[in-house]
Structure formats: C-alpha cells, structure tokens
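Protein chains in written order, with this note's numbering: chain Z, 1 to 171; chain G, 1001 to 1179; chain W, 2001 to 2232; chain C, 3001 to 3368. For each residue, glycine too, the CB sits at the ideal point set by N, CA and C. Have a look at the structure below before the remarks.
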Amino acid sequence: MSSMNDKLNEIMSMAGQFTFSEITKRQFSVNIKSSGLLSVLGLLRQKGFTHLSLITGIDRLNDEKFEVVYTLFCWESGETILVSTLVDRKTPVLPTIMEIWPVARFYERDVHEFFGIVFDGNPDLKPLILEKWSEIPPMRKDFDPHKYSKEHFPDRKYSADFLPEGGGEDE
Amino acid sequence: MNNEQTAWERVANMLRARSLWMLYYCTGCGAIELPPTMTARFDMERFGIGPMATPRQADILLVTGYLSTKTLRRVIYSYEQMQAPKYIVGFGSCTINGGIYYDSYATINRLDLYVPVDLYLAGCMPRPEAIVNGFKNLMDKIDRGEATGWKDYEANYEWYRKNQIDALGEVYIHDEFHE
Amino acid sequence: MALGGTIATVLFIPAGNLVVFPGLDNVFVIIYLLAIGLLGMAMSAVGSGNPNASIGIGRALTQMLGYELPFMIVLLGVFFHFRTSSLSELAMLQNSGGTYNVLIMPIGAVVGFVSLMGMLGKKPFDTFIAPAEIASGPLVEYSGKYLGLLMTQHAFGTFIEIGLFVNLFLGGGKTIWEFLLKFFLVYFLAVIISSIMPRFRVEQAVKFYWKWPLILSFIQVVIVVFIMGRRV
Amino acid sequence: MSKEVKLFIGPNHPGMHGNASVHLYVEGDTVVKSRLVPGFLHRGFEKLMERRTWMQNLALIPRICVPEPDINEMVYAMAIEALAKVEVPERAHWIRMLILELARIASHLMALGGIGGSTGLYTMPNWTLADRDLILDIFEKITGARIYHMYIVPGGVRKDLPEGIKADILKLVDYIEGRSEEFENLLLKNRIIRTRTKGLGVLTREDALKLGISGVALRATGLPNDLRKIAPYARYDHVQFEVPTATEGDAFARFTLKYYEIGQSLRILRQIVEKIPDGPVNIRISEGSALRWKVPAGSVYAHVESSRGEYGYFVVSDGSERPYRINVRGASFPQGLYGIEKLLPGTRIEDVALWLATMDFCPPEIDR
C-alpha cells in the first residue's frame, strides 16, 4: 500500500497545496483547491483511477461553502480516492469534467438540480428528476421539507386521544 | 349508503367482479409483490384478475405505495383514460397519510384528495396474501354495488381538480418531451 | 365490418356433414373473405391514432405476407392433385379414398401447420399483439363493447383457420363430432407449442417463413406434380 | 426521409420494470434517438435521511431499491462501522454474506423472469418467481419479513439465525440446482431467444469503462471486475468462487452471465453453511440508547457488488446524532441515463423492452 501513497504524494505535489488523509486501508481522501481540479483528476485517471463512481454535493452551511466530492475507483487495485474541493456558496461555479469522464454530465446535472452548483461547460443542466420545481434547490440545508410537505400536500387530521397532554403535533 | 340495484345492474356487477383486469403499472415500491401475486405461487388469475397493458382495457388501477408528484400526474392521465367502472386500490400507509415519507417534499400525503380510492390495503408493502385478500374484498364490494368511486369522481370533479391543481401546479404538461 | 367479414367467412367452412352452401365453398372464396375481416380490424385500429396500434397493424400485414406464400404453394399442390378446389369435395375425396392428405403429403401438412400458427397469431409469431412491447398492438385503444367485438372476431378467425386446415389435411370428418374432435386436437397442439416459445421479431418471422416452409412447399409441389401425378 | 414518430416506453408500459419513461424517436421500426426521463419514483431520500437519527434511518434505507433491499443495509452498516472504526464479530460477517448472496439470487431470478416476460416466454417468469418465493420464505424465517428485512444493522446483525435454518438453506440450494437443467433448456438453449438477443445492444469494453458501467454488463465485455474479488468485504476473501465473464458483450452474453452467477452464488452459500463460526452477532456502535448513537465525524464511501453493479453510499457525519449527508450511488445511474441515450439508437422497437430487461435497469436507484 505504501507504494500507493508515494505515487499519490508525487501527483499531489505537482497539483499544489492539498491535505491528504487515509480513511480505511483502501480509501484516501484528498482536498484540493478548485483551480487544480481538472489537472489532478486527469492525472489520477492516467494513474489507473478510471472509474468515476460518484459526484457528491455537500452543503456546508455554517462556513458558507459547498463541498463537491469526486469519488474515483481503480478497478485493478480496488482503491478509492475522494477528491473534494470547496466552492463559495453565493457563486458556486466549477469547471465541468465531461472531457475526462463523459458520464459526469449526468452526475453534474444531478448535483446542479439539488444544490444549484453551476458546472460551466456542461451543455445540458436541465432539470433531471424534479418537475415544475419552483422552490430553492431542495438539498440545501436551509430548505425544510416538512414545512413544504405540510403546505402543499394536506394530510388527514387524526384526533388521537391517547396523546399525553403535553404531546401533540411534533415540531 | 346501500343503493338498491336494479336487476340488470346486479347481474352486471356480478359479471364485472368476476373478470377484473389490473393495469400493469407499478407506481410505487409495492409493485415488487405483484409479480409473485400474478405468477404461479399466489396466482390471482383464479379470481379472474389478470394484468392488462393498456389503461383502456383495465378496471383496477393499483397505487402501490408512495406517490411522487410526477407519478401522480401520470396516474391522473391513466385514471382518466380508463373506462367507466374503474376502481383504485391504495397499497400501504403511504396512500393513507404519507407513511414513512410524511415529510418528503416530493410525495403526496393523502391519495383520496386527488383520485377516489375504493380500497386500502394495509402493510408497508402488503404481502401477496394480503393483496389477494384485498381483491376478494373489492370483488365483494363490487357485488354489493358499493365500489362507486368513479361515480363521485365525476360528481364532484371540480373539487378533485382543485386539489390536483394545488398539489401539482398544473396537471397537463405541454412539452412532454422537454424539448 | 371486421366482425361482419369474418362471420360471412364462417358460413363457408364445411364442418363435417354440416355444409351451408353446398356448391360455393371454394377455398379461394374463403381466403378472399378472410382478408376482409383482417382489413376491417386494420382500418379501425389505425383510426384510433395511437402509434402502438399502427405499428401493430404494420407488423400484422408484414407477417401475413410471410405465411401466405408457403401456404398458397401447398394449396396449389393439393388442388393440382385432387383436381378440385371446393372444400367439401376435397373432404369427401379424402374420406372415400381412406387416406388423409396428412399421410400422403406430410411435408405439405407441416408447412400448413406452421403457417396456421402464423395466421392464429400463436406465440412464436404473435409480434402484432405483443403486450410487452407495444401494449397489445392494434387492440390498444379498444375497450368494453368494441373490445368484445374484436375478441369474438378473433375467435371466429381461429375457427375458420383451423377448420380450413382440418378440411384440407385431415379429411374434414364425416359427422360434426369427428370434425370437432380433430379441430380440438389441432388447436391443442398449437397451444402446447406456443406456450414454450418466445416471440420472433417481425423480420425474423418473415425470414423464417421464407426460408424453411418455402423450401418445403416447393419440394411438396415437385413431389405432387411429378411423382403422384393427377388423381384419376 | 420517413416521418419520425415520437414514442413513449413510458411510465405506464408493461415492458418497463419500475417507473421511468424512455422517449424514443423512431423512424420506421428502428430507434433514431432515445432519452431517459427519470424522476417518477423520487422521494428525496437523501433529504429525509438528514432528518432522522442513525438508527431511524434503518427503516428508511431498504426502501430505496426494491428488487434488492439488503445491499442498502449492508452499505449503510459498512460506512458507519468504517467511521466508528468498529470491528464486527466474525459470525456477523458470515451471516451478512449469507443474506447478500440469497438476495443476489433472488434479484437475478427476478431479472431472468423479466427477460422471459418481455420476449413473450411466459413460462419463464412463472418458474423463476416461484423459486424466488422459496428464497423469500427463508428470508422470512431469518428476518421475519419477505422483502424489507432491516436485518443487517450497524454493528452486526439484528439477531442470530434460527436453528434448522442450515438444513433449509441446503434444501433450497439443492432444489434450485436441480432445476437449473430445466432453466437451461427453456432459456439458454432456446433458439428463438438466442436469435433475438444475439447481437442486441453490443457494448464494447471501452464504452463500458467510459460510461462507468459496472456489474454484469461490464463483465459481459470480458473484464472480470467484481467488487467481491477486487475490494473484498464481509468474508468474501475466505470463500472460493469464480467471476463468470463473456466476450461478446451483447444481450445474450449478459443474461447467460446472470444465470451462471446464480450457480456461483449457490456455491458460495454451500461454503457459508459449512464454515460459519459460532459467537456473538452484534456489538454496540456507541454507548447510550440505540436512538441516540453518535457516529464520529468524517466522510467515507462504502460500496458493494449488487446484482446490477457497484452500489455505494457516500456518508458524511459531523459527529451528531443525525447523518450530515448521505449520497446514494445506484448501479443503474450510468447504465440507465447514459446507456439508454448512447446504446439504444439503432435497435428496433421490439428490442427496447428486452434491452432494458437484460441491462437490468432499476429506476428507483436513479431517482432516489
């Protein structure tokens, strides 16, 4: 495994500043700035991480950042690398990685729909799953589904008499 | 409300109950229990209930579990395409009051605000035995002439339409192909 | 119209000794009337505007192209041999001669049976009412009474086609019961075969028809013309 | 140029297992352009999971993908154990493998039934689903439920196996193996199925890798990529089995591989029943009542080889009682969205339903 780390360190040093940590014996996570994104991912692909498993968006509300994690997997060695970058919450723009992995077009479209992160260079950022959605992107932390569901989809009122006096409709 | 049936209606209901055709449309997670119910082990062909491809020729529309807004639109299309004596069976607690997805922004909580439901089946995904038993109840209900969901859909159509508009914005999509 | 055409055809099928129009039951009359029934269904289905229906009709007609050719060639062989084309006479000749056509023309009988499967739309060749792909093809927009009409039309069609086959190859039977017995046997055989066969694609079905059954029917005609000669 | 017809293999279509709409642009009988519109089964799982505590999510996660619910529980448990740096007792590993292999066979049988259904061979679904029901009976004995078991929990397995279950499993394995000869005659040696699926939807190796396709479709192009071998989890490294591969990469290769994988899974089941050790079956992740578990902060991606391909969860925890973010990666996401757009043009209409059945594409994995 250690050979793997040196190989990684050598790639990373080329891509500039990064933080590197090992999660399990076959999984590493790397945090880089969004500027070095394309070069690092391209390098990793040559190093055998040919399979793009997933692009995940995470809404770090309290420090006003979106985190986007690219999960890469290498079929030969069975190792996973999580390449994550931070991007500002107000103007979330990231370069698209469609040239490296064509399938990324759909992952990016999914993340765009649920977080509102714009991937410039991705031709079709049309809505993929939701239809006629007028609210803010639903996966953001400041969107409350329970309130939305209460307003839009009325439900049956139960007059349950077993509730303790203090109890009642939950929050 | 036991309505007295004319002789002809009673015969018609009896015949109708014996050969219900189920629309083969899996709207939710309960649909995984339909193939075992249709095939060899819990065969519902014995009751004359068989899967049918087109809404035109189907009598029962199964709403199997939760119903997302997008599917609700298609369920309304299919329901309105079906011919008059039509029945809707709601599976599980998701159709009664939202079930496990009570707080989801994409699923409706109460089915009978949008389409008239004739029969509810209990079980978070009812078992094949429960489905067959439910169909037996539906057949008895039809025999007694009480399964008249479709009649009150036509009667208070505006009320249903208003609910549908509230939930969906507008029911019929024009650019179905999302050009 | 579909149902009317088909009912008209049924009148001409001699079922055992029950012959409605003695002089007129010529095979060509039946083939012609059968087409009316199918055309009626075709036009009403395409009128329904559902793309599935028009695709279904397209398939039904191409498949008809497939199975008509070998069936016709075998029929010519039979007519040439028996020197007549009226069904009741053919049945009577077979009974008097004691040998059924299926014995003296086994290849013709096999080709007849395979194209019968096509006519009935039994499993290997039922692409035009394929539920899994085009949602029961032409019948997609029918329901209630109209579906009932078409179902009876299909039932009549089945009776005609199998009746034709029984008269041509199995001697038609002296009494109505013998005819019905043979009818049941042929139908049962068709159902058994169709329950273990998946569906052909349309062009595969036509290719299949124009490969084996066509060659067999040519061999059959050659045998009939040169070896068996004309019946006295 | 003949008129281009727009056709729905829409949500309400017998050929479609599940609920997604394929828009086809058809010329004559061949598909010119095709596109998948998912989203009909979208319930916003990832949002709901953030509102429930770690233990409450257990009731929610198996409901994501219906034909094979156990992989969700397994991946969820693996992710939490990786974050909490907890080692599960030996016996729990073996029981988990038992559940996963039974679920794989059930899902494969369901897929083979689907292939029979879309080609009109209705005896096939009757047989496969009847056998699948026997497996569900065994699930009922072990976990108490037919489809949603909620049996694999973080920290091991909910309760131990009932006695006499080993005999039932062996009886089931012998029964299914006994029937394999009939299955082969009906499906693999069936000439019409062979002519219909030979050369349908050929997938080259570069395309498969570029599309990010995993599972049977990738193995049909010759690459023995199976997560159970490459990144073994549970106790797959203690069990002998091969990964069947083919070279043509067409629909016929795909469903024969599915069939041979059932044989391999039966072999694994036999070895599990022999080698399963005794001992405790679960341990606690953190102290306090199960509903108040706190998982240490961190993010991890756990993935498993499901019957359709690589299935994984990306779990992020901020140390509180509720997960901060869980992202579900279904195996059908690349196969469905990109595969349908790229591979379907050129096939005929009759084969679209068959292509979907052999690619075994499960819409709830895309919509989550």
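Chain-ordered chain W contacts of residue i [CB-CB under 9 Å]
{"i": "C:VAL3374", "result": "Examination of residue 3374 of chain C is not possible in this model, given that chain C is present from 3001 through 3368 alone."}
Min CB distance residue i to chain C below 7 Å
{"i": "G:MET1044", "result": "no"}
{"i": "W:PRO2070", "result": "no"}
{"i": "G:SER1068", "result": "yes"}
{"i": "G:GLU1179", "result": "Low confidence applies to G:GLU1179: its pLDDT is 48, below 50, so where it sits in the model is not reliable, and the reading given next is rough at best. By this cut-off, G:GLU1179 is not an interface position."}
{"i": "Z:THR50", "result": "yes"}
{"i": "Z:ARG60", "result": "no"}
{"i": "Z:PRO92", "result": "no"}
{"i": "Z:PHE106", "result": "yes"}
Spatial neighbours of residue i in its chain, beta-carbon cut-off 8 Å, leaving aside the 5 residues before and after
{"i": "C:LEU3060", "result": "PHE3045, LEU3048, MET3049, ARG3052"}
{"i": "G:GLU1170", "result": "none"}
{"i": "W:ILE2245", "result": "Beyond the ends of chain W as shown, which are 2001 and 2232, falls residue 2245 of chain W; an answer cannot be given."}
Euclidean distance between Cα positions of residue i and residue j
{"i": "C:ALA3130", "j": "G:ALA1040", "result": "6 Å"}
{"i": "W:GLY2112", "j": "W:ARG2083", "result": "19 Å"}
{"i": "C:GLY3039", "j": "W:GLY2058", "result": "33 Å"}
{"i": "G:LEU1072", "j": "G:LYS1162", "result": "14 Å"}
{"i": "C:GLN3271", "j": "C:VAL3239", "result": "7 Å"}
{"i": "W:VAL2114", "j": "W:VAL2166", "result": "14 Å"}
{"i": "C:ARG3035", "j": "G:VAL1075", "result": "21 Å"}
{"i": "G:ALA1084", "j": "G:GLU1154", "result": "10 Å"}
{"i": "G:MET1150", "j": "G:PRO1116", "result": "In the sequence as presented, Met is not what sits at residue 1150 of chain G; that position holds Trp. Cα to Cα, the separation comes out at about 7 Å."}
{"i": "W:PRO2106", "j": "W:TYR2100", "result": "10 Å"}
{"i": "W:TRP1961", "j": "G:TYR1024", "result": "Nothing about residue 1961 of chain W can be read from this structure; chain W reaches only from 2001 to 2232."}
{"i": "C:PRO3224", "j": "G:ASN1097", "result": "47 Å"}
{"i": "G:SER1067", "j": "C:GLU3341", "result": "The question names Ser, yet the displayed sequence has Leu at residue 1067 of chain G. So the two alpha carbons sit approximately 27 Å from each other."}
{"i": "C:ILE3152", "j": "C:TRP3054", "result": "14 Å"}
{"i": "G:SER1078", "j": "G:MET1038", "result": "21 Å"}
{"i": "W:ARG2201", "j": "W:GLY2121", "result": "13 Å"}
{"i": "C:PRO3323", "j": "C:ILE3135", "result": "33 Å"}
Where residue i meets chain G, residues with beta-carbon distance less than 8 Å
{"i": "C:LYS3047", "result": "SER1104, TYR1105"}
Environment of residue i [buried if 16+ CB atoms lie within 10 Å]
{"i": "W:ILE2215", "result": "exposed"}
{"i": "C:GLY3114", "result": "buried"}
{"i": "G:LEU954", "result": "Outside the displayed range of chain G (1001 to 1179) lies residue 954 of chain G, so it cannot be described from this structure."}
{"i": "Z:TYR158", "result": "exposed"}
{"i": "G:THR1006", "result": "exposed"}
{"i": "G:GLY1065", "result": "buried"}
{"i": "W:MET2043", "result": "exposed"}
{"i": "Z:ASP144", "result": "exposed"}
{"i": "G:GLU1009", "result": "exposed"}
{"i": "C:GLY3178", "result": "exposed"}
is_contact[residue i, chain Z] using C-beta, thresh 7 Å
{"i": "G:ASN1109", "result": "yes"}
{"i": "G:ALA1007", "result": "no"}
Own chain partners of residue i with C-beta closer than 6 Å, once the 5 adjacent residues on each side are dropped
{"i": "Z:LEU54", "result": "THR71"}
{"i": "C:HIS3303", "result": "GLU3310, GLY3312"}
{"i": "G:LEU1020", "result": "ILE1049, ASP1059, ILE1060"}
Any chain G beta carbon closer than 7 Å to residue i
{"i": "Z:PRO172", "result": "Chain Z is shown from 1 up to 171; residue 172 of chain Z falls before or after that span and cannot be answered."}
{"i": "C:PRO3244", "result": "no"}
{"i": "C:ARG3325", "result": "no"}
{"i": "C:ARG3043", "result": "yes"}
{"i": "Z:GLU171", "result": "Its pLDDT being 39, under 50, Z:GLU171 is placed unreliably in this model, and the coordinates cannot settle the point."}
Where residue i meets chain Z, residues with beta-carbon distance less than 8 Å
{"i": "C:HIS3303", "result": "SER53, PHE73, THR80"}
Beta-carbon contacts of residue i that lie in its chain and below 7 Å, excluding the five residues immediately before and after
{"i": "G:GLY1030", "result": "THR1064, GLY1065, PHE1091, GLY1092, MET1125, PRO1126"}
{"i": "C:LYS3141", "result": "PRO3162, ILE3165, ASP3168"}
{"i": "Z:GLU171", "result": "The pLDDT assigned to Z:GLU171 is 39, lower than 50, so where the model puts this residue is not dependable, and the model offers no usable value."}
{"i": "Z:PHE49", "result": "LEU72, PHE73, CYS74, ILE81"}
{"i": "C:GLY3156", "result": "VAL3088, PRO3089, ALA3092, VAL3281, ASN3282, ILE3283"}
{"i": "C:ARG3308", "result": "GLY3215, ALA3331, SER3332, ASP3360, CYS3362"}
Residues that residue i contacts on chain Z, provided the C-beta gap is smaller than 7 Å
{"i": "G:LEU1113", "result": "PRO154"}
Cβ of residue i within 7 Å of any chain W Cβ
{"i": "C:GLY3120", "result": "yes"}
{"i": "C:ILE3192", "result": "yes"}
{"i": "C:THR3195", "result": "yes"}
Chain C contact residues for residue i, given Cβ-Cβ distances below 9 Å
{"i": "W:MET2197", "result": "GLY3120, LEU3121, ASN3190, ILE3192"}
Proximal residues of chain Z, C-beta to C-beta of residue i below 9 Å
{"i": "C:PRO3069", "result": "Here the premise fails: no neighbours, minimum Cβ distance about 20 Å."}
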